[in-house]
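Residue numbers (my numbering), protein chains in the order written: chain A, 571 to 873; chain B, 12 to 315. Everything on this sheet refers to the single structure shown next.
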């Protein structure tokens, strides 16, 4: 664990509080690290999670996660199956709300605003924070209607405007050239890789600030995976991306920062709880991790 | 050299040939042939009564059904030979339509509650149980129920009372069929819609319902067909008429199914032919209705 929280770059007023009350913040953004990376100005903080725990009923699935997500960076969550990385990801756009019995404790701030505040409307959160799922899940509608779905529910009715958004989103998702002649054909006729890029186009069509990706390539072949990774690299100038992946090479290839989660088995109750072990720049995580468990995992000795 | 043998029974060892053929014993081959024949025969046996009924009704009823038969009043004596079934056609259409208007929207909304909102809570579980029980209630019991709570209270047998009884019969079928169809819509689609910032009602309306629409239509048409063919509750609560009655709320009414029941039990040739004609008309009516519903739902259903 890094303990130099005094060196934390304070970009929001909450950091002041955190330094006093929160435990060591697992950010890789400490001045020393930033200097070591030759990275002069670390980005603005988009998400601040402090002691974030997720419960399913009485069972605590993830325990006290504390990390910062920075703007225009790709953060990767890695770790073995069942360590709660997807659960943590779903906290960011409140998708845990739709799971019966799921409950979130701790503090999660988006640009300083409490995501789980009493007046917060999950629908508003999700319009700003898009999500791409593990399995491509296009609607059984035309390609056009899939991409236009988000803008339509946000109130865009103008046909010309929708056409513009659809073209722009599909181009961003590097799918436009392949589908421009069959926009009004069913999206289910596309291949798996194309469907996943369509889902990315659909997510970016509402112009979100953050894109959450829950193992977006696990159902795709290496070529389709490569295209999605290139795509992430391209769009990261516009978005902030958090990706959950099982593939450590993928995390090493695409991410700027990397969080390693693992499961702790309680000796008392024999329940498994996900914990964040280490969060740092990807370079450091893969070359010189501070925690032995991280090293074991990234070198393949465990998991 | 090792012998590779991929036959099922294992070939003689020592040979160097590779065999990929199925080496089935005569007994297995016989069982295969017997099972194939048995399956075909079961299908034929199941299809025979169906073909006979349709063939018989079409040949007997086809003789008498023409425009006059469909529009003229019912002779008020069973002895008389000749058309018509006009009042019963009108009665069937308006009573079934009124029952559908009451039962189908209510049933679909109920199913949406069960599957999208209630899920496994106490109320949803209770409704689901009651629906199952209601599906098994004999139609005559539903007729008696409407007779007691509606006909006796307003002292009149009307088409609307019949529609109420039919709606009670249709409701559980529509609810369960729709719920089954909603269950088949993958959760990923709901999550995708929610993740794009859609509210629950919007997700249901724009993603879930369109995806389930073909199945919901089938379920609704099944309920319509069952209602159109119901006899006992109609005979009990709508009374009998020989003149066309377009008014659901006043005066007795009649339906094709009720007329089949009344005419077929008469010893007179004319009445029996009218019963066949009514049966033929009823089958055509339900058939036409199903095709129309399919065409309409295909326009709104999501493209596969």
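By construction, the Cβ of each residue, glycine as well, lies at the ideal position given by its N, Cα and C atoms.
Using a Cβ-Cβ cutoff of less than 7 Å, which residues in the same chain neighbour residue 755 of chain A once the five nearest sequence positions on both sides are dropped? Hits under 7 Å: 712 and 713.
For my contact list, residue 292 of chain B and residue 76 of chain B are in at a C-beta cut-off of 8 Å; report their separation, rounded to the angstrom. Confirmed, Cβ separation roughly 6 Å.
Below 8 Å between beta carbons: does that hold for residue 827 of chain A and residue 618 of chain A? The answer is no: Cβ separation not under 8 Å.
Quick one: which chain B residues come within Cβ less than 7 Å of residue 728 of chain A? Going along chain B, no residue has its Cβ under 7 Å from residue 728 of chain A, so there is no contact; the nearest lies around 18 Å.
Quick one: is residue 290 of chain B near chain A, going by C-beta distance under 8 Å? Residue 290 of chain B is outside the set of residues whose beta carbon lies under 8 Å from a beta carbon in chain A.
Using a Cβ-Cβ distance under 8 Å, would residue 723 of chain A count as near chain B? Chain B contact via Cβ: present.
Examine chain B for any beta-carbon lying closer than 8 Å to the beta-carbon of residue 845 of chain A, and answer yes or no. So, not an interface residue.
Any beta carbon of chain B sitting closer than 8 Å to that of residue 709 of chain A? Output row for residue 709 of chain A: interface = yes.
With distances taken Cα to Cα, identify the nearest neighbour of residue 669 of chain A among A/677, A/675, A/657 and A/676. Of A/677, A/675, A/657 and A/676, the residue nearest in Cα terms is A/657.
Can you give the Cα-Cα distance for residue 165 of chain B and residue 153 of chain B, rounded to whole angstroms? Linking residue 165 of chain B to residue 153 of chain B through their CA atoms gives a straight-line distance of about 17 Å.
Checking contacts by CB at 8 Å: is residue 591 of chain A closer than that to chain B? Unreliable positioning characterises residue 591 of chain A in this predicted model, as indicated by a pLDDT of 41, which lies under 50. A coordinate reading is not provided.
What would DSSP say about residue 841 of chain A, mapped onto helix, strand or coil? In the structure shown, residue 841 of chain A adopts coil according to DSSP, grouped into three states.
Quick one: which residues of the region 209-241 of chain B get their C-beta closer than 7 Å to a C-beta of chain A? List them in chain order. Answer in chain order: 209, 210, 213, 218 and 222.
Quick check: what's the CA-CA separation for residue 286 of chain B versus residue 86 of chain B? One C-alpha to the other measures close to 13 Å.
Could you please give me the residues that DSSP links to residue 630 of chain A through a beta bridge? In DSSP, residue 630 of chain A forms a bridge with A/625.
Using Cβ-Cβ distances below 8 Å, what residues of the region 189-200 of chain B are close to chain A? Within the region 189-200 of chain B, 197, 199 and 200 place their CB atoms closer than 8 Å to a CB of chain A, listed in sequence order.
At 9 Å on the CB atoms, spell out the chain A contacts of residue 202 of chain B, in chain order. The answer, in chain order, is 665, 668, 701, 703 and 707.
For the region 675-702 of chain A, which residues have a beta carbon sitting closer than 9 Å to at least one beta carbon of chain B? Listed in sequence order: 692, 693, 694, 695, 696, 697, 698, 699, 700, 701 and 702.
Please go through the same chain and pick out, in chain order, the residues whose beta-carbon is closer than 8 Å to the beta-carbon of residue 852 of chain A, but skip the five residues on each side of it. Here residue 852 of chain A has 646, 821, 822, 825, 826, 827 and 828 as same chain residues with Cβ atoms under 8 Å from its own Cβ, once five neighbours each way along the sequence are excluded.
Taking the CB atoms as reference points, tell me whether residue 801 of chain A and residue 768 of chain A lie closer together than 8 Å. Contact: no.
Residue 805 of chain A and residue 774 of chain A - do their beta-carbons sit closer together than 8 Å? One thing to note: residue 774 of chain A has its Cβ within 8 Å of the Cβ of residue 805 of chain A.
Can you tell me which residues form a DSSP beta bridge with residue 850 of chain A? Beta-bridge pairing links residue 850 of chain A to A/828.
Put residue 29 of chain B into one of helix, strand or coil per three-state DSSP. DSSP places residue 29 of chain B in coil when its eight states are reduced to three.
With the cut-off set at 8 Å, would you say residue 718 of chain A and residue 736 of chain A are in Cβ contact? It is a contact, given that the beta carbons lie within the stated cut-off.
Determine whether the beta carbon atoms of residue 96 of chain B and residue 174 of chain B lie at a separation below 8 Å. Residue 96 of chain B is not a Cβ neighbour of residue 174 of chain B, given a cutoff of 8 Å.
Measure the CB-CB distance between residue 106 of chain B and residue 252 of chain B and report whether it falls below 8 Å. One thing to note: residue 106 of chain B has its Cβ no nearer than 8 Å to the Cβ of residue 252 of chain B.
Residue from A/707, A/671, A/728 and A/782 whose Cα sits closest to the Cα of residue 616 of chain A: Of the listed residues, the one whose Cα sits closest to residue 616 of chain A is A/782.
Between residue 653 of chain A and residue 707 of chain A, what straight-line distance do the alpha-carbon atoms span, to the nearest angstrom? Residue 653 of chain A and residue 707 of chain A: Cα-Cα distance of roughly 24 Å.
Do residue 183 of chain B and residue 146 of chain B have their C-beta atoms within less than 8 Å of each other? Taking C-beta atoms as the reference points, residue 183 of chain B and residue 146 of chain B count as a pair closer than 8 Å.
Distance between beta carbons of residue 151 of chain B and residue 221 of chain B, contact taken as under 8 Å: Contact doesn't hold; Cβ gap of about 38 Å is too wide.
Taking three-plus beta-carbon pairs below 8 Å as touching, is the region 230-243 of chain B in contact with the region 255-265 of chain B? No, they do not touch.
Distance, residue 810 of chain A Cα to residue 770 of chain A Cα: Taking C-alpha positions only, residue 770 of chain A is separated from residue 810 of chain A by approximately 14 Å.
Does any residue of chain A bring its CB to less than 8 Å from the CB of residue 206 of chain B? Answer yes: the Cβ-Cβ gap between residue 206 of chain B and chain A drops below 8 Å somewhere.
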